[in-house]
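Engineer:
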Amino acid sequence: MTNSAHYQSPLGLIRITGSESGIQEIRFVRVKKGLDNTNKHVDQCLRELDDYFKGKKQDFSVALDIRGTKFQKQVWRALRKIGYGRTTCYEYLARSIGKPKACRAVGQANHVNNLPIIIPCHRVIGKNGKLTGYAGGLHIKKWLLEHEKGAKNSCLCYQGPEAAIY
4 MTNSAHYQSP
14 LGLIRITGSE
24 SGIQEIRFVR
34 VKKGLDNTNK
44 HVDQCLRELD
54 DYFKGKKQDF
64 SVALDIRGTK
74 FQKQVWRALR
84 KIGYGRTTCY
94 EYLARSIGKP
104 KACRAVGQAN
114 HVNNLPIIIP
124 CHRVIGKNGK
134 LTGYAGGLHI
144 KKWLLEHEKG
154 AKNSCLCYQG
164 PEAAIY
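Under the working numbering, the first residue of the sequence shown carries the number 4, and numbering increases by one thereafter.
#1: By Cβ distance below 6 Å, which residues in the same chain neighbour residue 12 in space, the five residues on each side in sequence not counted?
#2: Based on DSSP bridge pairs, tell me the residues matched to residue 1.
#3: Identify which residue in 111, 110 and 94 has its Cα closest to the Cα of residue 103.
#4: State the DSSP-derived secondary structure class of residue 16, mapped to helix, strand or coil.
#5: I'd like to know if the stretch 43-53 and the stretch 77-85 are in contact, where contact means that at least 3 CB-CB pairs between them fall below 8 Å.
#6: Secondary structure at residue 121, three-state DSSP: helix, strand or coil?
#7: Can you have a look at residue 27 and say buried or exposed, based on whether 16 or more other CB atoms are within 10 angstroms of its CB?
#8: What runs of the alpha helix (DSSP H), each 4 residues or longer, lie entirely inside the stretch 27-76?
#9: Taking the alpha-carbon positions, what's the residue 132 to residue 19 distance?
#10: From what residue to what residue does the alpha helix (DSSP H) around residue 143 run?
#11: In chain order, what residues of the same chain lie with their CB nearer than 6 Å to the CB of residue 4, ignoring the 5 residues before and after it?
#12: Is the beta carbon of residue 6 sitting closer than 8 Å to the one on residue 25?
#13: Keeping to the same chain, check which residues put their C-beta closer than 7 Å to that of residue 116; ignore five residues upstream and five downstream.
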């Protein structure tokens, strides 16, 4: 059985979907679809996201129900090791998993990550230091990085374009 809930973040509405095993998806959405039907993992994720956006939480402990290939899971484990407020590049991430020539494949694994923020693909930037693709939009990636570096003011009010992946 799938459970879900919505969270109003400073970046817009987020839908959290989970199973009895853990969280399966976090998605920025434009509108709320359906009624919230939570379980213990979804409830915990809601609390942890709230603490993250308030600047009180740097790591997530909620159980995850991750679906992907062996390679994707390897990349996603490496992403979780990138420290809060820190960034890395695709090349370094590829090297960290023992596949130095797999930069594009690492980028693709980031692109299909269903658990942004928890699996922090926003912390991966171009080798030249520039922000590169993010499914939610570069404006969200930039906000998340600034939030983690403490560059936002205390109200954490998002001032950019409407956030939505779809």
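Every residue, glycine too, gets a C-beta built ideally from N, C-alpha and C.
Structural biologist: In brief:
#1: The residue labelled residue 12 in the question sits at position 9 within the sequence shown. For residue 12, where only same-chain residues beyond five positions count, the Cβ hits under 6 Å are 56.
#2: No information on residue 1 is available, as it lies outside the stretch 4 to 169 that the chain covers here.
#3: Sequence index remark: in the sequence shown, residue 103 carries index 100 (1-based). Of the candidates 111, 110 and 94, 94 places its Cα closest to the Cα of residue 103.
#4: Position 13 of the sequence shown holds residue 16. In the three-state reduction of the DSSP assignment, residue 16 falls in the strand class.
#5: Contact fails between the stretch 43-53 and the stretch 77-85, because fewer than three Cβ pairs, one in each stretch, are under 8 Å apart.
#6: Residue numbering aside, residue 121 sits at position 118 when the sequence shown is read from its first letter. Assignment of residue 121 by DSSP, reduced to helix, strand and coil, places it in the coil class.
#7: Position 24 of the sequence shown, counting from 1, holds the residue named residue 27. Per the 10 Å Cβ criterion, buried.
#8: Counting whole runs of 4 or more residues, the stretch 27-76 contains the alpha helix (DSSP H) stretches 43-56.
#9: The sequence position of residue 132 within the sequence shown is 129, counting from 1. The sequence position of residue 19 within the sequence shown is 16, counting from 1. Straight-line measurement puts the Cα of residue 19 at about 31 Å from the Cα of residue 132.
#10: Walking along the sequence shown from the start, residue 143 turns up at place 140. Segment 141-151, the alpha helix (DSSP H) holding residue 143.
#11: Position 1 of the sequence shown, counted from the start, is the residue given in the question as residue 4. Closer than 6 Å at the Cβ level, and outside the excluded window around residue 4, lies no residue.
#12: As a working note, residue 6 is residue 3 in the sequence shown. As a working note, residue 25 is residue 22 in the sequence shown. Not a contact, by the Cβ cut-off of 8 Å.
#13: Position 113 of the sequence shown holds residue 116. Cβ neighbours of residue 116 beyond the five flanking positions: 79, 122 and 124.
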